[in-house]
Each structure stands twice: as structure tokens, then as C-alpha cells.
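So for the sequence shown, the working numbering puts the first residue at 30; every next one is plus one.
Glycine included, C-beta positions come from ideal geometry on N, C-alpha and C.
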Amino acid sequence: MTTEPRDIRIKRLKIRAEHRGIKEMDLILGGWAAAHLATAPDAELDLFEAVLAEADHDLYQWVTGQSPAPEAYASFIGTLAGTVRNGGA
Numbered sequence: 030m031t032t033e034p035r036d037i038r039i040k041r042l043k044i045r046a047e048h049r050g051i052k053e054m055d056l057i058l059g060g061w062a063a064a065h066l067a068t069a070p071d072a073e074l075d076l077f078e079a080v081l082a083e084a085d086h087d088l089y090q091w092v093t094g095q096s097p098a099p100e101a102y103a104s105f106i107g108t109l110a111g112t113v114r115n116g117g118a
């Protein structure tokens with residue numbers, strides 16, 4: 030549990046999402062962050078932060094369906110994959 034103010038946490042998560050190192054993940058995670066973080070409940074911020082701690086290569090494979098996501102992330106990764114299939118956040 031973090032003690033940083035919510036607005037600072039959201040800004041930090043957006044920057045981490047937009048600057049991953051792999052352009053595809055920058056677009057996927059950064060796009061989702063821009064559209065959803067401001068209104069996401071704290072539990073979803075916690076989940077998103079955990080997802081951001083994962084390796085880009087693994088995240089890309091999960092989102093594209095090349096390998097299954099861990100159970101803890103499966104629902105959220107499914108949401109990201111649906112966002113990609115639908116052309117945006």
C-alpha cells in the first residue's frame with residue numbers, strides 16, 4: 030500500500046506505462062492508462078502497477094494471446110487485449 034497522493038501515483042503510473050521500452054507496449058499500456066487511470070479504483074491501480082512490473086516480452090505475449098496470462102492478471106489482460114482488438118482505449 031502506497032502513501033503517495035493519488036494524483037501523483039496516477040501521473041507516475043502513466044509515465045511508466047508510456048515509456049516501457051517496446052513501442053507496442055507503450056501504446057497499449059499508455060493508451061489504457063490515459064483513458065482509465067483517473068477513474069480507476071485503488072484496487073485497479075494496484076493491479077495495474079503489478080502488471081507494469083512484468084517484463085514487456087511477457088506482457089506482449091499475454092495481450093496478443095501467444096501465451097496465457099497468469100491467473101492474477103488474466104481478467105485485466107483480457108481487457109487490454111479487447112481494447113487492442115477494438116482499436117483503442
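C-alpha of Gly94 to C-alpha of Ala69: approximately 25 Å in a straight line. Between Ala63 and the set Phe77, Ala101, Ser104, the nearest pair of CA atoms involves Phe77. With 16 or more other Cβ atoms inside 10 Å of its own Cβ, Arg49 counts as buried.
Non-local beta-carbon contacts of Ala72 in its own chain, meaning distances under 7 Å to residues more than five positions away in sequence, are absent.
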